[in-house]
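There are 2 protein chains.
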Amino acid sequence: MLGQIARRLGQLHGQQICNGLNGVRFKETHRHLQSSFKTVRPISTIPLWPFSSRPRDFSQPNSSWSPEMRKAYDHYIALCDTDNENGEKTKGPWRKLPSYNRSIKYATGGIHLSKFIQAENRLFTRSVKEQGATFEYVVFVNKEEKSCVCVFQSGRLLEGAPGHVHGGAIATMIDTVTGTLAGYLSGPIMTANLNIDYRNPMPLGSVVLIHSALDRIERRKTFITCKVTSTDESKLYTEATALFVSISVGHLFGSRN
Amino acid sequence: MLGQIARRLGQLHGQQICNGLNGVRFKETHRHLQSSFKTVRPISTIPLWPFSSRPRDFSQPNSSWSPEMRKAYDHYIALCDTDNENGEKTKGPWRKLPSYNRSIKYATGGIHLSKFIQAENRLFTRSVKEQGATFEYVVFVNKEEKSCVCVFQSGRLLEGAPGHVHGGAIATMIDTVTGTLAGYLSGPIMTANLNIDYRNPMPLGSVVLIHSALDRIERRKTFITCKVTSTDESKLYTEATALFVSISVGHLFGSRN
Numbered sequence: 052m053l054g055q056i057a058r059r060l061g062q063l064h065g066q067q068i069c070n071g072l073n074g075v076r077f078k079e080t081h082r083h084l085q086s087s088f089k090t091v092r093p094i095s096t097i098p099l100w101p102f103s104s105r106p107r108d109f110s111q112p113n114s115s116w117s118p119e120m121r122k123a124y125d126h127y128i129a130l131c132d133t134d135n136e137n138g139e140k141t142k143g144p145w146r147k148l149p150s151y152n153r154s155i156k157y158a159t160g161g162i163h164l165s166k167f168i169q170a171e172n173r174l175f176t177r178s179v180k181e182q183g184a185t186f187e188y189v190v191f192v193n194k195e196e197k198s199c200v201c202v203f204q205s206g207r208l209l210e211g212a213p214g215h216v217h218g219g220a221i222a223t224m225i226d227t228v229t230g231t232l233a234g235y236l237s238g239p240i241m242t243a244n245l246n247i248d249y250r251n252p253m254p255l256g257s258v259v260l261i262h263s264a265l266d267r268i269e270r271r272k273t274f275i276t277c278k279v280t281s282t283d284e285s286k287l288y289t290e291a292t293a294l295f296v297s298i299s300v301g302h303l304f305g306s307r308n
Numbered sequence: 052m053l054g055q056i057a058r059r060l061g062q063l064h065g066q067q068i069c070n071g072l073n074g075v076r077f078k079e080t081h082r083h084l085q086s087s088f089k090t091v092r093p094i095s096t097i098p099l100w101p102f103s104s105r106p107r108d109f110s111q112p113n114s115s116w117s118p119e120m121r122k123a124y125d126h127y128i129a130l131c132d133t134d135n136e137n138g139e140k141t142k143g144p145w146r147k148l149p150s151y152n153r154s155i156k157y158a159t160g161g162i163h164l165s166k167f168i169q170a171e172n173r174l175f176t177r178s179v180k181e182q183g184a185t186f187e188y189v190v191f192v193n194k195e196e197k198s199c200v201c202v203f204q205s206g207r208l209l210e211g212a213p214g215h216v217h218g219g220a221i222a223t224m225i226d227t228v229t230g231t232l233a234g235y236l237s238g239p240i241m242t243a244n245l246n247i248d249y250r251n252p253m254p255l256g257s258v259v260l261i262h263s264a265l266d267r268i269e270r271r272k273t274f275i276t277c278k279v280t281s282t283d284e285s286k287l288y289t290e291a292t293a294l295f296v297s298i299s300v301g302h303l304f305g306s307r308n
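Chain order of the listed sequences is A and B.
If you read the first sequence in the working numbering, its first letter stands for residue 52, the second for the next number, and so on.
If you read the second sequence in the working numbering, its first letter stands for residue 52, the second for the next number, and so on.
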């Protein structure tokens with residue numbers, strides 16, 4: 052059932068990725084979700100859209116974006132479509148992923164899920180309403196290269212050392228971006244390890260690129276590498292590796308005790 | 052000069068710790084700061100208190116704290132003072148550290164600092180005003196054992212997977228707590244590495260203990276270990292190691308380019 056919802060969402064938004072989870076990220080395809088949820092209410096008894104309006108994509112340009120942020124965004128948006136030999140538009144190698152302020156709010160309805168879906172909860176990276184105050188970011192994925200890049204602008208509420216971004220905020224973005232890629236490639240996964248080397252302090256307000264790529268997949272383990280650089284890639288801020296393990300969605304819900 | 056300010060602050064607040072920096076944490080003793088700042092305005096030209104009121108300590112109990120949070124807090128508070136043989140109060144092995152929403156706001160005035168101190172910036176872990184919505188935490192340090200423990204209650208805006216805490220929020224608290232201990236032991240330091248193993252997903256709203264201890268100090272490197280457990284310590288959520296390198300404060304400010 053959730054698979055059906057996900058498929059319908061997919062018609063609106065393309066392949067639906069719920070990124071930025073604990074921990075846990077879902078590639079909401081019916082294959083994964085149908086196998087994960089055994090006991091759910093019939094589709095006819097629940098609304099497909101728990102909220103009246105179409106969900107807001109928080110990774111759209113807004114007035115808080117600096118010219119550098121907009122330039123990097125435009126660069127990757129341009130790579131999302133290419134002209135073929137006949138001058139026709141075709142799908143480019145990159146794809147922009149949408150980003151919401153809830154992880155699975157728009158695919159609710161399962162009785163397993165209902166007790167975990169609290170209306171007042173918000174996804175950590177999208178929880179502050181003031182535009183530009185915390186995390187402004189957009190993720191582009193390259194399916195063929197099994198990689199993704201995130202354009203990230205840090206806001207005034209992410210301060211650590213005076214004038215610089217908190218190491219935890221950088222870790223949060225690394226978890227989000229590497230987890231998005233792992234979920235895209237491997238389905239439902241949970242963060243098992245993050246190993247982060249901080250090479251240079253990042254000035255608050257910086258726009259950076261977070262490059263993530265698949266290292267390898269070994270059975271249930273998905274290994275991702277990550278580098279955070281300036282937008283011209285001349286300066287390295289952070290390097291990281293991340294390990295994710297594939298789970299069933301039921302694993303997460305069963306863990307609550 | 053900053054050392055003088057720090058000393059005066061110390062008279063009010065005990066030893067002043069600025070925790071939760073990038074990156075970078077300062078143990079604001081005059082020894083460190085006097086050696087780090089060469090060019091500063093004379094003490095007479097700047098106010099000792101840039102703001103009129105005494106800074107608010109965000110690690111005091113408030114109405115958002117659950118009974119479990121309050122119980123853990125009371126447990127460690129009770130260990131901060133002990134009765135000696137004569138029935139007199141003496142300093143206990145543990146000490147509660149204050150926590151502010153700016154890292155160095157209360158020791159401003161240096162011309163090196165002034166351009167980095169932006170009034171609208173806020174420390175990442177204390178940047179949301181709504182009590183209980185994000186990070187509620189208090190850090191206790193044990194000088195003799197070279198360890199500290201943080202009581203942490205996660206709020207509704209820290210969600211990752213539905214009903215669970217975002218891995219980045221957990222990383223943020225680990226960076227904050229291990230960095231506080233490293234700064235307490237080694238003076239100004241910068242996070243060089245965080246290596247985090249996520250063992251179990253953490254339900255949103257949980258109260259957990261973040262235990263940090265010194266592993267070893269090798270020249271400029273301070274190695275810290277960390278475990279995140281339930282308050283009864285029966286459940287392990289996360290394990291981590293952290294490496295910090297000692298820096299001069301000027302190193303940070305020189306890094307801006």
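Even for Gly, the Cβ is constructed at its ideal location relative to N, Cα and C.
Keep in mind that this is a model prediction, so the values were computed, not measured.
Backbone secondary structure at residue i - three-state DSSP
i        : result
B/Leu294 : strand
B/Glu136 : coil
A/Leu209 : helix
B/Lys142 : strand
A/Thr289 : strand
B/Ser299 : coil
A/Thr227 : helix
B/Leu236 : helix
A/Ala170 : coil
B/Lys147 : strand
B/Pro118 : helix
B/His126 : helix
A/Thr282 : coil
A/Lys89  : Unreliable positioning characterises A/Lys89 in this predicted model, as indicated by a pLDDT of 37, which lies under 50. The coordinate reading is nonetheless provided below. In this structure, A/Lys89 counts as coil in the three-state DSSP scheme.
A/Gly161 : With a pLDDT of 44 at A/Gly161, under the threshold of 50, the predicted position of this residue should be treated as unreliable, though the coordinate-derived value follows. A/Gly161: coil per DSSP, three-state reduction.
A/Phe109 : coil
A/Arg177 : helix
CB contact below 8 Å: residue i versus chain B
i        : result
A/Ser263 : no
A/Met241 : yes
A/Leu99  : Confidence at A/Leu99 is low in this model, with a pLDDT of 43, below 50, so its placement is unreliable and no value can be given for it.
Proximal chain A residues relative to residue i, where beta-carbon distance stays under 9 Å
i        : result
B/Asn246 : Asn244, Leu245, Asn246 and Ile247
B/Arg207 : Gln169, Glu171, Asn172, Arg173 and Ser178
B/Pro106 : Per Cβ cutoff of 9 Å: no residues; B/Pro106 is ~15 Å from chain A at best.
Beta carbon proximity, residue i to chain A, threshold 8 Å
i        : result
B/Asn172 : yes
B/Glu210 : yes
B/Ala252 : According to the sequence provided, residue 252 of chain B is Pro. The question's Ala does not apply to it. Yes, contact with chain A.
Interface partners of residue i on chain B, CB under 7 Å
i        : result
A/Asp226 : Gly218, Gly219 and Ala222
A/Leu255 : Asn172
CB contact below 8 Å: residue i versus chain D
i        : result
A/Phe175 : No chain D is part of this structure, whose protein chains are labelled A and B.
Beta-bridge pairing of residue i - partner residues as DSSP gives them
i        : result
A/Tyr249 : A/Thr289
A/Tyr188 : A/Phe203
B/Cys277 : B/Ser263 and B/Ala291
B/Asn244 : A/Asp248 and B/Leu294
A/His215 : A/Pro254
B/Ser198 : B/Asn193 and B/Ala264
A/Glu269 : A/Lys272
Exercise. Quick check: the region 241-251 of chain A against the region 188-195 of chain A, are there 3 or more CB pairs under 8 Å?
Worked result: At 8 Å Cβ cutoff, the stretches do not touch.
For this session: Could you tell me whether the region 252-267 of chain A touches the region 201-219 of chain B, where touching means 3 or more Cβ pairs closer than 8 Å?
Result: no
Problem set entry | Cβ contact check for the region 202-212 of chain A and the region 232-243 of chain A: 3 or more pairs under 8 Å | no
Exercise. Is the region 167-182 of chain B touching the region 216-226 of chain A, taking contact as three or more C-beta pairs under 8 Å?
Worked result: yes
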